[in-house]
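A short write-up of the structure that comes next.
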Amino acid sequence: MSAVKKLTEIKRESVLAAASTEFRANGFAATSMDRIASTAGVSKRTVYNHFTSKEELFQSITQNLCQSVMEVSVYPYDSNLPLDEQLRHIGEQEMAMITSEEILDTVRMITAESFSSPKLTLESFSSIQDSEIGVVKWINNAVMDGRLSVADPVVAGKQFIALIKEFAFWPQLYGIKPIPAKKDQAEIINSAIGMFLSTYEIKQ
36 MSAVKKLTEI
46 KRESVLAAAS
56 TEFRANGFAA
66 TSMDRIASTA
76 GVSKRTVYNH
86 FTSKEELFQS
96 ITQNLCQSVM
106 EVSVYPYDSN
116 LPLDEQLRHI
126 GEQEMAMITS
136 EEILDTVRMI
146 TAESFSSPKL
156 TLESFSSIQD
166 SEIGVVKWIN
176 NAVMDGRLSV
186 ADPVVAGKQF
196 IALIKEFAFW
206 PQLYGIKPIP
216 AKKDQAEIIN
226 SAIGMFLSTY
236 EIKQ
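Here it is as structure tokens:
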């Protein structure tokens, strides 16, 4: 990568970070491109060189969030390892992601905008849901290996993630409860594993 291209990418990332900060602090409608430029430490022209509008900035932020989710939601299946051990690894990765303050803050920002700008956020929420495909692939592999009996892997995958999010994401997203302590996180994951396997595991 050339020095000029690298500098351009650095400025783009600075603009995205500044926009995310301002959207979370002030909301989408109250945030101006001037303020984003000031927070990023660049000119307004530089902001527009990378993003034609606030809407494009918002979509880029949510796409980055989805990409981050995709990158950590990759779960290789191993036919030689116990299912509960593999599910525990999946649960721990999911837990680390959904309890991240950065993730929570970004989803709060998207959620807040969903009430005032539903069209702006509709595609964003769809992308976030679709990004949970990692656990679905793992389930498909376990089904093909004859270890799980699952009619709809997408539903089953969402069920497993939902069992974790119910206690370690949604209450924290809305400020009802703090992020669970590590011991509590382990109990949440173990409970989700037990319920999932009691429903879908094929007993040998």
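The working numbering numbers the first residue of the sequence shown as 36 and each following residue consecutively.
All residues carry an ideal CB built from backbone N, CA and C; glycine is no exception.
- For the pair T74 and E48, the Cα-to-Cα distance works out to about 12 Å.
- Taking C-beta atoms as the reference points, Y235 and S152 fail to come closer than 8 Å.
- With contact defined as three or more Cβ pairs closer than 8 Å, the stretch 114-134 and the stretch 192-204 are in contact.
- Assignment of beta-bridge partners to L42 by DSSP yields no partner.
- Scanning its chain for C-beta atoms nearer than 8 Å, with the 5 sequence neighbours on each side dropped, one finds around T56 the residues T74, in chain order.
- Of the residues assessed, R182 falls on the buried side of the cut-off, its CB having 16 or more other CB atoms within 10 angstroms.
- When the beta-carbon positions are compared, F63 and E201 stay at least 8 Å from each other.
- Check the Cα spacing between G126 and each of Q239, Q94 and N225: the tightest is with N225.
- By the C-beta criterion, the stretch 207-215 is judged not to be in contact with the stretch 167-181, since fewer than 3 inter-stretch pairs fall below 8 Å.
- Spanning the alpha carbons of V77 and K46 requires a straight line of approximately 8 Å.
- Around the beta carbon of Q239, fewer than 16 other beta carbons lie within 10 angstroms, which makes this residue exposed.
- With 16 or more other CB atoms across the displayed protein chains lying within 10 angstroms of its CB, A54 is buried.
- Excluding the 5 residues flanking it on each side, V171 has same chain C-beta neighbours closer than 6 Å at P188, V189 and G192, in chain order.
- Beyond the five residues adjoining it in sequence on each side, L118 comes within less than 7 Å, by CB distance, of A177, R182, L232 and E236 in the same chain, given in chain order.
- Put simply, of E120, L139, A186 and Y83 the residue whose alpha carbon is nearest the alpha carbon of G229 is E120.
- The Cβ atoms of L155 and E90 sit closer than 8 Å to each other.
- Measuring C-alpha to C-alpha distances from F86 to each of G169, L51 and K218 identifies L51 as the nearest.
- Taking F58 as the centre and dropping the five residues before and after it, the same chain places the C-beta of T66 and M144 closer than 6 Å to its C-beta, in chain order.
- Under the DSSP assignment, Y83 falls in the alpha helix (DSSP H) whose first and last residues are K79 to H85.
- Straight through space, the alpha carbons of L157 and E222 are spaced by roughly 33 Å.
- In this chain, the alpha helix (DSSP H) harbouring V171 covers I168 to M179.
- In this structure, S95 and G169 do not form a Cβ contact; the two beta carbons are roughly 22 Å apart against a cut-off of 8 Å.
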